[in-house]
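Only one structure is covered here, and it is reproduced in the block below.
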Amino acid sequence: MNYRLHATRVIARRRIQELAISPGFYVAATLGLLLAYFLVAGFVRAVDSSGFDFRLHPVYDLLGRSLEGAFGGVVVQKLFAEGPFQLVLYVAFLPVLLFLAASSVYRFGLERKVGAVELLAYGPADGTSYFLAFLIKDLLATLLYLAALTGFLAAAAALHNLVLGPTFFYCLALLPFVSVAVYAWGIFASTLTDNSASALAVYLALLVFFLLVFLGSFTIASGYVAGLSTVLAWVVRWVSPLYYWDQTLRYAEVAAWPLFALHLALLLAAGAAVLTASHFILKARGVRP
Amino acid sequence: MSARLKPLAAALLLTAGLAFGQAPVRREQFIYSILAFNGKDYAATFARQGADTLYLVADVDNFLTVRNAFVYFWPITQDWKTDTSVLNVPFTGTLELSGGKLKEPRILTPVRYTYYNTRGEYELNWQVATGEEADKAWQKYQEVMEDYYARVQQYSLARGAYEVMLNELTLRITRMRDQGQDVSRLVEVLQSLSSPKEPEYPRDYLVPPRPVEEAFVLALPVGEYAIRFFTENGSVMEGSERQLVCFRKRRAEGIGLEVIPGDKWTRPVESTTPSSVLYVDGSADLYVRPFFEQEYNDLYYEKMQRNDARGNPNVMKWVRIQQVPQAGIRLTRPGAPSQVIQEEPFFVEQVKGAALGYRIVPFDPQGAHKDREASLRAFHLPIPKKEPVLRLAALDKNGNPLAGGERQVRVVGPARAGFVALILALLPLAVMAAVLIGRSRRVGS
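Protein chains in written order, with my numbering: chain A, 1 to 289; chain B, 1 to 445.
Below, the structure is given as structure tokens:
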């Protein structure tokens, strides 16, 4: 166990160094911050004497109408009740989350395919320590970016006389936990498949599936689609990070902090379960497909 | 237009005219008529044939009747309606209720009922009377109204007599004055005459009792039930099986604010989420009114009010219940002591000239607005652009802060300040450039 931990630490350090000297992470972070900038600026322009009105700005108009049509007016009202930052946080976080997850999935798949992992496995490391290193690297990069994003949004809020709002901080606290579960599914997809392209395809398909099932059960559409999504959501929710994310936010809304903490722990547990499954798959299939 | 196209255009116009003039198709259906208490009022709706679920607030009296009526879809408002003017046949029988925490099905019989809202300190004093109580309540209302109409009749007679006497005296005084006689005694009599006082409309009820009718009265605990209707001969009415969802509010300790901007008084907005922030551009003062609110499931609440409405089952929403009586607003500005604002009457004046629009001014009953009514009563919040943050707290009649009644009003900063944010957003690229340059130098050396 100590050997595995040591190997994980050494590989993770190497991965973090690689991330720091390659441009991908910086580009994704800049993209996220630029999106945040445009959304905050748009929000300010959509404020008049009676408050925020999404119809006053074309981007927010499109967004507001789409969300209202799909999820109802209450969702839109709640989303912007404290300001733009709840939406901005998610939108700005998405490029970095996807970049980190997708790059790890691709890299892990590629290194398994070419035999790099097998080479390491002859030494002190094994497949599990290898994917755990990826997870640690992604998690640290996520925390770093979230800190930068929070700083940026706090500065933007101060410049425009806005407030981040309590919901922003609940969401912020939640994101690292959701990220762990999302990254764990990436590792799972990599262990399940034989090459990087198929790993990436399976991973994206899984994410899209979780998203569609969650959104489907959340829409105000009635009839077959909503019914099917509700049934699927009931089945899928136990493994979907989005379900735990939604539940955690619900408990934050009513200040039920023990349940909030419990669902954060459940997010970690769901991630750990997926990693355990990945460990056994890797053990059964071997480090080289 | 060529001669060949003219008949085609005429045919198209004719078809379009026929299509738009088409009356909606009315279908005879078995329906459940629902009078549901929505937390502030009774809302009438109905569950048509395709509606498989009824929604009611738990632990309050709701009324259900079953009938045959014409049902049609009205495309203009996009909802289903009943046409009871042509067909409205109520059924007599019993309602079987099962599910929830009931161990065995319960049979409900129709009950004579009425409901009304009496005047009190708060707006909501709803009373439901059933059986003999309902008859008594209706009787009492009838008596109050009969008494009022009797007093109105007396007043009309007294007023008529007064006007006749007034005319007679006026004519006599005029005639005697023309003849040069002394009229001082008659003028004294005329001045001593007073007009009879008009009787006041009874103020006992905000909503008077409705005529006593029969219905199934349902006040059920939270749960999901099944209902079906049995006719008098004991058979189940076809198509009467429905689900019944009884739900309750999730939270009630919310205070909402109705916000009326000074330049758009016809477009008030509501701040319902307790943690919400009011962002404004500071171009107009605000007029606010605090109200009590309760939180319900969006889908359940919407469908309880209108059974064919849409809603989101995963979202809770705040619903306005009633204005906070005798409320106050504590206003805190940065670096200044708090001040308590009281509700005041205001008058809305139309702006003259090309500017159009409205202006809200303090109501002046002795001067400019004599013999007129105030347009609104609200708390006035001046919004100075120099003070970017105002903190509000709604207070009850004793001056204590109401839970969930805190808000911030923020005047948003100019958009040009965002340029600094743009530079900050590009910082990761600068870091990347520094890292790459540093690395290439290290590798090169």
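By construction, the Cβ of each residue, glycine as well, lies at the ideal position given by its N, Cα and C atoms.
- In this structure, DSSP gives GLY127 (chain A) a helical state, which the three-state scheme calls helix.
- Shown in chain order are the members of the region 387-399 of chain B whose Cβ falls below 7 angstroms from a Cβ of chain A: PRO388.
- Residues of chain B with a Cβ closer than 7 angstroms to the Cβ of TYR26 (chain A) are, in chain order, PRO428, LEU429, VAL431 and MET432.
- Counting only residues of its own chain and dropping the five nearest sequence neighbours on each side, PHE70 (chain B) has a CB closer than 8 angstroms to the CB of ARG26, ARG27, GLU28, GLN29, THR82, ASP83, THR84, VAL86 and LEU87.
- Secondary structure remark: continuous beta strand (DSSP E) runs of at least 3 residues inside the region 283-325 of chain B, in chain order: 286-297 and 316-323.
- Among the CB atoms of chain B, none fall inside 8 angstroms of the CB of HIS57 (chain A).
- For LEU144 (chain A) and VAL27 (chain A), the gap between their C-alpha atoms comes out near 14 angstroms.
- Chain-ordered, the chain B residues with CB closer than 9 angstroms to the CB of LEU162 (chain A) read VAL277, TYR279, ARG410, VAL412 and GLY413.
- With a cut-off of 8 angstroms on Cβ pairs, the region 321-329 of chain B is in contact with the region 379-395 of chain B, counting three or more such pairs.
- Contacts with chain A at 8 angstroms (Cβ-Cβ) include LYS264 (chain B).
- Between VAL259 (chain B) and VAL47 (chain A), the CB-CB gap reaches or exceeds 8 angstroms.
- Near chain B, meaning a CB-to-CB distance below 8 angstroms, the residues of the region 140-171 of chain A are ALA148, PHE152, ALA155, ALA156, LEU159, HIS160, ASN161, LEU162, VAL163, GLY165, PRO166 and THR167.
- Taken in chain order, no unbroken stretch of alpha helix (DSSP H) lies wholly in the region 17-103 of chain B with a span of 4 residues or more.
- The beta-carbon distance between TYR116 (chain B) and PRO209 (chain B), rounded to whole angstroms, is 4 angstroms. This is short enough to meet the 8 angstroms contact definition.
- ASN307 (chain B) is classed as buried because its beta carbon has at least 16 other beta carbons within 10 Å across all chains shown.
- With a cut-off of 8 angstroms on Cβ pairs, the region 79-93 of chain A is not in contact with the region 262-271 of chain A, counting fewer than three such pairs.
- Put simply, the CB of GLY50 (chain B) is far from chain A, with every gap to its CB atoms at 8 angstroms or more.
- Look at GLY24 (chain A) here: in three-state DSSP terms it is helix.
- Between VAL315 (chain B) and GLY72 (chain A), the gap from beta carbon to beta carbon is short of 8 angstroms.
- The beta carbon of GLU232 (chain B) sits closer than 8 angstroms to those of THR92 and GLY93, all from its chain and outside the five residues before and after it, given in chain order.
- PRO84 (chain A) has its alpha-carbon roughly 7 angstroms from the corresponding atom of LEU39 (chain A).
- Distance check between LEU149 (chain A) and each of A:GLY42, A:VAL178 and A:PHE169 places A:PHE169 closest, using alpha-carbon atoms only.
- The Cβ atoms of GLU406 (chain B) and ALA393 (chain B) sit closer than 8 angstroms to each other.
- CA-CA distance, PHE52 (chain A) to LEU278 (chain B), rounds to 8 angstroms.
- Nearest neighbour of LEU299 (chain B) by Cα position, chosen from B:ASP281, B:ARG289 and B:TRP318, turns out to be B:TRP318.
- For ASN314 (chain B), the residues of chain A that pass the 8 angstroms Cβ criterion are SER217, PHE218 and ASP246, in the order they occur in the chain.
- Judged by DSSP in its simplified three-state form, VAL287 (chain A) adopts coil rather than helix or strand.
- Counting only runs of 3 or more residues that sit fully inside the region 8-93 of chain A, no beta strand (DSSP E) segment turns up.
- Within the region 67-101 of chain A, those residues whose Cβ lies closer than 7 angstroms to any Cβ of chain B are, in chain order, PHE71, GLY72, VAL74, VAL75, LYS78, ALA81, GLU82 and GLY83.
- Interface criterion met: the Cβ of THR273 (chain B) is under 8 angstroms from a Cβ in chain A.
- Along the region 119-182 of chain A, the alpha helix (DSSP H) occurs as fully enclosed runs of 4 or more residues at 127-160, listed in sequence order.
- Cβ neighbours of ASP138 (chain A) within its own chain (closer than 6 angstroms, five residues either side excluded): LEU100, SER104 and TYR183.
- Judged by DSSP secondary structure, PRO345 (chain B) falls within the beta strand (DSSP E) whose first and last residues are 344-350.
- Residue-level contact by beta carbon fails for ALA137 (chain B) and chain A, as no gap is shorter than 8 angstroms.
- For GLY32 (chain A), the closest of B:SER440, B:ALA433 and B:LEU429 by C-alpha to C-alpha distance is B:LEU429.
- About 7 angstroms separates the Cβ atoms of ALA81 (chain A) and SER275 (chain B), confirming a contact at the 8 angstroms cut-off.
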